[in-house]
Amino acid sequence: MFKRVEKRRLKCQEEEELGLDEDMKEVLGMHDTDSEESDSDSDDSGSGEENVGEEEDGEAGNEDVSDAEEFEQESMSDGDQDAVEEEPEITVQEALRDPVYVVSLQPVVKACIVCPGKLLKGTQMVALHRTSNAHERRVKRFAMISKDAAPADNAWDVLRENAEDKPKTVANLSENSKRAEKRRAHAALRKARREKQKVKARAKKTATSAPKPDLASPRPAKPPKKKQKIATTKSASAASAAPMAGSNENTKSTITSIVRSASERAKKARARAVDRGDDGLSKPMKKAKNRGIAMSLA
Numbered sequence: 001m002f003k004r005v006e007k008r009r010l011k012c013q014e015e016e017e018l019g020l021d022e023d024m025k026e027v028l029g030m031h032d033t034d035s036e037e038s039d040s041d042s043d044d045s046g047s048g049e050e051n052v053g054e055e056e057d058g059e060a061g062n063e064d065v066s067d068a069e070e071f072e073q074e075s076m077s078d079g080d081q082d083a084v085e086e087e088p089e090i091t092v093q094e095a096l097r098d099p100v101y102v103v104s105l106q107p108v109v110k111a112c113i114v115c116p117g118k119l120l121k122g123t124q125m126v127a128l129h130r131t132s133n134a135h136e137r138r139v140k141r142f143a144m145i146s147k148d149a150a151p152a153d154n155a156w157d158v159l160r161e162n163a164e165d166k167p168k169t170v171a172n173l174s175e176n177s178k179r180a181e182k183r184r185a186h187a188a189l190r191k192a193r194r195e196k197q198k199v200k201a202r203a204k205k206t207a208t209s210a211p212k213p214d215l216a217s218p219r220p221a222k223p224p225k226k227k228q229k230i231a232t233t234k235s236a237s238a239a240s241a242a243p244m245a246g247s248n249e250n251t252k253s254t255i256t257s258i259v260r261s262a263s264e265r266a267k268k269a270r271a272r273a274v275d276r277g278d279d280g281l282s283k284p285m286k287k288a289k290n291r292g293i294a295m296s297l298a
């Protein structure tokens, strides 16, 4: 916000120095908007061009690409034709000698043929524009593209032809730039690494898979017989079940013999008691019987 206020203050000072009033602003199509403050302001345009020049000088690797992008704007668009209603007849020789031309005399407004869209108001702005790095670079570029043109040819036509050929030039420059070469080298390196990883993964998968049959042996290896495994399992289970069945039978026979011996002993004891005259009665019964007999005798 402070930068915007400072820009407006500097603009007002510049307008006062140049003697621009509201009527002159309307004639020139100047309005107090933020967009035009950044485009047509005196100090801002000069300093902006210097900053652009410094930034573009810092990018040495992309200097040709930036020049080609700048010359894309050199084909006069509809907006530029509105700002400059009529293109004055300027030959290549005149443009090389002095690319700055007069747009209007009241007030004095000038423009630059190699820097489209720049309206220069006053001698100070013209001087700043001539010394800017962007303007000097564009003048050199125009001298290069106008080598094959005749001195009497129209400079505007030369600029338009170069603007039409610009996309091809930019494509060639971008393909041959150092950054493009680095990108291609990195892409090739990444591709080689991926192929190497794929080969390793394939070899690992092959090593962990089932072993292949021996090619030196005349007979192929036979697969394992599943039926034999099942039969072996059944026989093992049957063998383990046979001892259990035998042990159960032995237990039953033992219990049966014990019961028989107990019953036989009981029968023998009863027979001995009968033989002795005990009638097979227990001791309490015998006592009761003897007591009854004694009472009857008394």
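Numbering (full-length UniProt numbering), first residue to last: 1 to 298.
The beta carbon of each residue, even a glycine, is placed where N, CA and C say it ideally should be.
Close CB contacts of residue 143 within its chain, under the 8 Å cut and outside five residues either way in sequence, are with 96 (chain order). Residue 121 sits buried, since 16 or more C-beta atoms from the chains shown fall within 10 Å of its C-beta. Residue range 119-121 is occupied by the beta strand (DSSP E) that includes residue 119. Assigned with DSSP and collapsed to three states, residue 131 falls in coil, not helix or strand.
Classified as buried, residue 113 has 16 or more neighbouring CB atoms from the shown chains inside 10 Å of its CB.
Sequence-distant Cβ neighbours of residue 152 in its own chain, meaning closer than 6 Å and more than five residues away, are 91. C-alpha of residue 17 to C-alpha of residue 123: approximately 11 Å in a straight line. The Cβ atoms of residue 177 and residue 158 lie no closer than 8 Å to each other.
Looking at the DSSP output, residue 112 bridges to 100. In this model, residue 10 and residue 183 are separated by some 45 Å (Cα to Cα). The residue among 257, 162, 200 with its C-alpha nearest the C-alpha of residue 148 is 162. Boundaries of the alpha helix (DSSP H) harbouring residue 181: 178-208, taken from the DSSP string.
Remark: C-beta atoms of residue 119 and residue 108 do not approach each other more closely than 8 Å.
A residue is called buried when at least 16 other Cβ atoms come within 10 angstroms of its Cβ; residue 128 meets this threshold and is buried.
Going by C-alpha positions, residue 87 is about 19 Å away from residue 126.
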